[in-house]
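Working notes for the structure below.
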């Protein structure tokens with residue numbers, strides 16, 4: 001009782017401050033929730049943008065599983081839906097107060113009194129049939145919406161939809177949402193939502209009510225009847241609430257306390273009785289408050305009187321606003337009793353002033369409680385979830401950053417290794433190329449010298465080779481042509497086989513060794529996975545063989561044998577023998593003319609028929625007539641003439657000069673020699689003469705192609721070695737190209753890692769910023785409540 005008196009005196013002394021709170025300045029406790037809601041929504045808007053940025057960043061990296069794992073991608077993407085869900089809940093969050101009690105205890109009237117307007121239906125008996133939720137709207141016209149429908153209905157229909165006496169009534173657990181203009185009610189302007197319920201004594205479905213309408217309530221107001229005590233139905237309801245909500249905020253309003261005016265002598269005893277039972281229920285049964293705090297949650301009011309006073313007060317304010325200086329401002333009255341008399345038109349009931357003060361005290365404490373409770377219940381969990389999301393994303397970004405930094409270091413080391421290996425390979429390739437060129441050049445020169453030397457030696461032994469030809473000889477022209485063809489083949493095969501026997505083995509061994517050396521030296525420049533490929537470049541299983549194509553058939557095609565009998569001591573033979581030296585000198589001069597290598601020799605792939613460069617040349621040069629003596633000319637003319645006159649002249653000249661005896665002896669010896677030679681001029685002698693002429697002719701022709709043949713063979717060797725080295729160089733070029741591509745790939749990877757690291761740092765710093773913002777919100781709005 002003393003507490004009640006002190007509370008009443010305090011309120012009377014601060015009546016001006018109470019009136020200031022009635023007009024709801026910006027210092028209202030409810031503004032804490034409004035500001036906190038705006039702040040937390042702004043923070044989660046930033047968190048939503050931040051998560052979107054992070055998801056886009058993660059999407060850009062998810063193809064590279066070395067930077068980010070699939071689990072991390074799914075984890076970050078899941079935060080997007082979570083944050084959007086939190087934002088959706090935050091936008092709908094409001095301070096929700098639920099009114100419960102038995103039928104006809106005045107729940108609807110209390111709500112109307114707090115809203116300063118008769119919005120909900122009220123009356124005697126069971127009035128409210130379903131849950132009615134009053135919330136603010138930005139429009140100027142009130143309307144309502146039923147559960148499961150988006151159709152706006154006139155607010156006047158609430159009397160039919162929610163009234164228990166209506167024939168077409170809704171289910172008791174259904175919800176009717178009433179949207180009242182915020183401009184008409186300051187409480188609704190501050191995001192307060194009022195929920196009126198049917199009586200807890202008219203339904204057994206208390207669990208359904210709690211699950212559907214009470215789990216998100218910030219404050220529960222138990223409206224009890226002061227003319228009776230707390231009933232079991234009321235207690236059972238809040239027992240169920242306390243099992244599902246941890247320490248719910250409960251106010252107990254003992255309504256209809258104006259009935260105590262009829263028995264003033266029992267006023268204190270009845271009040272104390274109700275107070276003790278209510279405190280015992282809150283502190284000992286529910287255990288949601290201690291005894292001292294429980295006493296601050298019990299009030300004795302008359303909602304009907306308060307509603308009437310406030311309705312008349314609004315009418316008085318309206319009338320006063322239309323007057324001029326005729327009346328004083330009602331809020332500047334220093335005597336609060338005068339203001340109440342003015343509000344009620346002079347009809348002031350006994351004790352109403354105390355009951356009105358008590359109702360205002362309840363509103364003040366209710367506002368403080370619901371604001372703190374709503375901020376805590378609505379935003380504390382979201383704040384922690386926001387911190388958790390920021391922390392988890394920051395941790396993921398830190399892991400990505402660490403990974404990218406590590407991968408960056410690895411890629412830089414790999415890049416350095418590849419660049420060093422590339423520079424080494426290119427430098428070694430330049431050195432090896434020059435070295436191999438020199439080696440091939442020396443080997444080509446050596447082959448050319450060897451072939452030239454061997455061919456010259458074989459030419460000198462050509463007579464032996466021709467003598468080995470044993471085909472039977474016939475001097476008839478047709479048979480002789482076939483004989484010559486077979487001899488051409490024999491000479492060519494013999495020369496070729498002799499050259500191969502002398503050169504091929506050594507040359508093939510040298511070439512194989514050179515190829516093996518090339519392969520070994522070049523394979524050192526190749527990676528391990530390509531060294532096996534060099535086996536295909538190694539020398540063939542069959543050793544390399546040089547082709548010696550002399551083509552004697554074409555080379556000696558201009559050979560014409562002379563198998564007519566000629567006496568060795570004949571005048572013509574002697575004259576030819578005398579002119580032979582000069583004739584041979586001229587032939588040697590022509591033979592020694594410089595020979596131009598044809599263009600066909602540039603490509604050693606084609607075997608060159610050397611004979612075609614010399615077969616068409618006629619090297620016979622007749623002796624100059626100026627060098628012959630007059631007597632020789634006469635003798636030649638005499639002998640070569642077929643007339644008898646020449647012979648007689650010659651005989652007479654010889655007879656007169658030396659005598660007939662000497663001439664006779666000489667003629668006998670001369671005739672004997674002639675006869676002997678004529679008798680020995682057999683087919684065998686013809687064969688010897690033919691082979692001798694052939695050897696002389698072939699020797700001259702073969703000497704002409706020695707340089708060409710050796711050049712051809714050296715070109716074959718050069719082509720073989722050059723092609724081997726080219727294939728090896730191609731493998732090295734492929735390796736260097738791969739290394740260049742690898743360097744480009746590493747550069748691209750480094751740019752990607754650098755961008756990823758930079759973006760991860762920015763996002764990580766933003767996570768720190770968001771965590772700091774949530775910490776500031778926690779300090780400003782949550783920790784200050786404790």
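In full-length UniProt numbering, the protein residues as written are 1 to 786. Where a beta carbon is used, it is the ideal one built from N, C-alpha and C, also for glycine. Computed from a prediction, not measured in an experiment: that's the story for all the values here.
{"Item": "For residue 561, the nearest candidate out of 503, 476, 497 and 364 (CA to CA)", "Value": "476"}
{"Item": "Separation of residue 177 from residue 146, as counted between CA atoms", "Value": "6 Å"}
{"Item": "Selection from 223, 239 and 228 that minimises the alpha carbon distance to residue 210", "Value": "239"}
{"Item": "Touching by the beta-carbon criterion (3+ pairs, under 8 Å), the segment 453-473 and the segment 491-504", "Value": "yes"}
{"Item": "Residues sharing a beta bridge with residue 154, DSSP", "Value": "143"}
{"Item": "Nearest-angstrom Cβ-Cβ length linking residue 136 and residue 188, presumed shorter than 8 Å", "Value": "3 Å"}
{"Item": "CA-to-CA distance, residue 383 to residue 335, given in whole angstroms", "Value": "With a pLDDT of 48 at residue 335, under the threshold of 50, the predicted position of this residue should be treated as unreliable, and no value is reported."}
{"Item": "Exposure of residue 51, with buried meaning 16 or more beta-carbon neighbours within 10 Å", "Value": "buried"}
{"Item": "Distance, residue 313 Cα to residue 329 Cα", "Value": "Any reading at residue 329 needs caution, since the residue's pLDDT is 43, under 50, leaving its predicted position unreliable; the model's value is listed next. Approximately 12 Å, taken between the alpha carbons."}
{"Item": "Residue from 295, 47, 363 and 235 with nearest C-alpha to residue 86", "Value": "47"}
{"Item": "Which listed residue (734, 228 and 53) has its alpha carbon closest to that of residue 260", "Value": "228"}
{"Item": "Alpha-carbon spacing of residue 301 relative to residue 219, whole angstroms", "Value": "18 Å"}
{"Item": "Length of the line joining the Cα atoms of residue 140 and residue 154", "Value": "13 Å"}
{"Item": "Residue 109 vs residue 283 beta-carbon contact at 7 Å", "Value": "no"}
{"Item": "Outcome for residue 191 when other beta-carbon atoms lying within 10 angstroms are tallied against a minimum of 16", "Value": "buried"}
{"Item": "Contact between the segment 402-412 and the segment 703-723 (3+ Cβ pairs under 8 Å)", "Value": "no"}
{"Item": "Residue 57: first and last residue of the uninterrupted alpha helix (DSSP H) it sits in", "Value": "30-61"}
{"Item": "Beta-carbon contacts of residue 702 that lie in its chain and below 6 Å, excluding the five residues immediately before and after", "Value": "459"}
{"Item": "Helix, strand or coil at residue 659 [DSSP, three-state]", "Value": "coil"}
{"Item": "Three-state secondary structure (DSSP) of residue 264", "Value": "helix"}
{"Item": "Cα-Cα separation between residue 735 and residue 526, rounded to whole angstroms", "Value": "7 Å"}
{"Item": "Endpoints, beta strand (DSSP E) assigned at residue 133", "Value": "131-137"}
{"Item": "Option in 66, 426, 40 and 257 with minimal Cα separation from residue 105", "Value": "257"}
{"Item": "Every unbroken alpha helix (DSSP H) inside the segment 168-203 [4 residues or more]", "Value": "186-189"}
{"Item": "Whole-angstrom C-beta distance between residue 375 and residue 782, which should lie under 8 Å", "Value": "7 Å"}
{"Item": "Proximity below 7 Å, CB of residue 466 to CB of residue 691", "Value": "yes"}
{"Item": "Counterpart residues of residue 481 in DSSP-defined beta bridges", "Value": "For residue 481, which the question treats as bridged, DSSP gives no partner whatsoever."}
{"Item": "Cβ neighbour criterion (16 or more within 10 Å) applied to residue 616", "Value": "Confidence at residue 616 is low in this model, with a pLDDT of 40, below 50, so the placement of that residue is unreliable and no value is reported for it."}
{"Item": "Buried or exposed (CB count within 10 angstroms, at least 16 for buried), residue 660", "Value": "exposed"}
{"Item": "Strand pairing of residue 407, partner residues [DSSP]", "Value": "Answer is none; residue 407 lacks a bridge partner."}
{"Item": "Per DSSP, cross-strand counterpart(s) of residue 252", "Value": "222 and 298"}
{"Item": "Residues near residue 363 by beta carbon distance below 7 Å, same chain, minus five either side", "Value": "114"}
{"Item": "Burial state of residue 425, where buried means 16 or more other Cβ atoms lie within 10 Å", "Value": "buried"}
{"Item": "The segment 766-781 / the segment 384-395 touching (three or more Cβ pairs under 8 Å)", "Value": "yes"}
{"Item": "Buried or exposed by the 16-neighbour rule on C-beta atoms within 10 Å, applied to residue 671", "Value": "exposed"}
{"Item": "Collapsed DSSP secondary structure at residue 231 in the structure displayed", "Value": "coil"}
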